[in-house]
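K.L.:
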Amino acid sequence: MQNTPPRIVKEASATGESLVLYGSWSAGTLANRDLWNNLQESLPRHGKGGMEASWDLRHIERLDHTGAQLLWNTWGRVWPRHVMVLDLQRATLNRVARFAVAPPKPHHTTLKELFLKLGEWLMGVESHAESALRLIGQLFLDTLNFLRDPSRAPWRDISGHIYRIGATALPITALVGFLIGVVLAYLMSRQLRQFGADAFIVNILGMALIRELGPVLAAILIAGRSGSAITAQIGVMRVTEELDAMRVMGIRRGYRLVFPRALALALVMPLLAIWTTAASLLGGMLASDLSIHLSPEYFLIALPKVVPLSNLWLALFKSLVFGLLIAINGCHFGLRVLPNTQSLGEGTTASVVSSITLVILVDALFAVLFKGVGL
30 MQNTPPRIVK EASATGESLV LYGSWSAGTL ANRDLWNNLQ ESLPRHGKGG
80 MEASWDLRHI ERLDHTGAQL LWNTWGRVWP RHVMVLDLQR ATLNRVARFA
130 VAPPKPHHTT LKELFLKLGE WLMGVESHAE SALRLIGQLF LDTLNFLRDP
180 SRAPWRDISG HIYRIGATAL PITALVGFLI GVVLAYLMSR QLRQFGADAF
230 IVNILGMALI RELGPVLAAI LIAGRSGSAI TAQIGVMRVT EELDAMRVMG
280 IRRGYRLVFP RALALALVMP LLAIWTTAAS LLGGMLASDL SIHLSPEYFL
330 IALPKVVPLS NLWLALFKSL VFGLLIAING CHFGLRVLPN TQSLGEGTTA
380 SVVSSITLVI LVDALFAVLF KGVGL
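This is the structure:
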């Protein structure tokens with residue numbers, strides 16, 4: 030049997046206005062979204078005067094608990110003054126009235142709750158700052174121990190991290206750098222051609238790639254690739270209780286876990302920045318040749334003349350700082366991982382996001398600082 034859509038008809042009666050309900054007031058009919066929206070718009074209007082109006086439910090084809098709940102809510106959870114129902118309908122409405130519970134009141138955040146949330150956030154920031162400061166201090170002491178007796182340094186760990194973080198990242202950094210160089214060269218050539226300043230593409234491209242984009246691009250790639258790996262490696266050691274075993278055996282985890290990764294990234298990042306910048310310049314040079322017919326010979330001859338060497342030293346120094354930041358940040362979040370897999374995933378995600386944010390923040394800080402000294 031096909032369900033007839035529910036509807037309400039106003040009729041005049043001896044007691045005043047009468048609301049006569051027709052159709053099927055069941056879950057199957059009310060599941061129609063358009064019908065539900067139309068009914069929601071009309072029901073409150075009838076419900077406002079529901080206590081004074083006369084409700085006639087005897088013509089309803091079908092009334093189940095969903096329809097009865099809708100009517101009960103419309104009536105404000107009390108019986109109207111005048112209502113005409115069949116026995117079966119009254120029994121259904123009585124069951125709904127017996128088991129229906131009031132909807133929860135909407136929660137409004139109070140000033141006290143906002144204050145408590147602010148305090149909780151500040152305590153979290155303080156905890157992170159304290160842990161990071163302690164980690165940096167321990168790294169400083171481990172560096173002094175390394176300089177005092179380099180023969181006892183964990184060279185195997187350092188060389189392994191240099192290979193995994195540096196050598197294995199060469200293909201992806203070169204590919205991304207090359208493509209970025211191509212895109213930038215095409216965009217710049219279209220704009221410079223309008224003013225007849227095609228040759229200045231070497232100046233703009235060289236300065237942008239060598240000083241800014243090369244180091245930042247390499248740092249962001251390494252932060253996403255190796256920063257997350259560092260956090261995951263140390264986090265897994267926490268989950269498998271290897272960190273606790275190291276503490277029991279008296280092994281300094283800072284010297285065996287943090288120092289090798291920090292030293293490896295500090296050595297690798299400047300080299301990766303040069304590699305990424307070279308790939309970007311190669312892409313820009315080839316795109317310039319194809320778009321504005323600027324020969325590679327002219328590009329290579331003009332580049333050292335228009336980009337001072339100080340920009341390269343600045344880029345190398347920034348890359349070293351980026352490498353240390355990524356390593357410290359990755360180890361910091363790895364050591365804070367709790368012994369469960371959910372914390373491991375959250376720590377890895379937080380490590381990547383914070384590493385990339387730190388790289389961009391510190392790069393902006395370098396731009397402001399070195400602008401003041403004329404670089």
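When we follow my numbering, the leftmost residue of the sequence shown carries the number 30, and every step to the right adds one.
Where a beta carbon is used, it is the ideal one built from N, C-alpha and C, also for glycine.
Predicted model, so just to flag it, every value in this text is computed and none were measured.
Could you tell me whether the Cβ atoms of residue 236 and residue 336 are closer together than 7 Å?
P.N.:
yes
K.L.:
For a test of the three-state rule: what should DSSP assign to residue 36, helix, strand or coil?
P.N.:
strand
K.L.:
How many Å lie between residue 303 and residue 256 at the Cα?
P.N.:
20 Å
K.L.:
Taking 7 Å as the threshold (C-beta atoms), are residue 121 and residue 92 in contact?
P.N.:
yes
K.L.:
Are the CB atoms of residue 90 and residue 53 nearer to each other than 7 Å?
P.N.:
yes
K.L.:
Report, in whole angstroms, the separation of the C-beta atoms of residue 227 and residue 321, which I expect to be a contact under 8 Å.
P.N.:
4 Å
K.L.:
Starting from residue 304, trace the alpha helix (DSSP H) in both directions and tell me its first and last residue.
P.N.:
288-321
K.L.:
On a CA-only basis, which of 283, 105 and 158 is nearest residue 173? Give me that one, please.
P.N.:
283
K.L.:
Buried or exposed for residue 231, going by 16 or more other Cβ atoms inside 10 Å?
P.N.:
By the Cβ neighbour-count rule, residue 231 is buried, with 16 or more other Cβ atoms within 10 Å of its own.
K.L.:
Starting from residue 46, follow its DSSP beta bridges and name the residues at the other end.
P.N.:
Paired residue(s): 41.
K.L.:
Distance check for residue 196 and residue 384, CA to CA, integer angstroms please.
P.N.:
21 Å
K.L.:
Contact between the segment 261-275 and the segment 299-314 is defined here as three or more beta-carbon pairs at a separation below 8 Å; is this criterion met?
P.N.:
no
K.L.:
For the beta strand (DSSP E) that residue 83 lies in, which residues bound it at each end?
P.N.:
83-85
K.L.:
Name the DSSP beta bridge partners of residue 112, please?
P.N.:
84
K.L.:
Helix, strand or coil for residue 10, going by three-state DSSP, please let me know.
P.N.:
Residue 10 cannot be examined here, being either before or after the span of the chain that is shown, 30 to 404.
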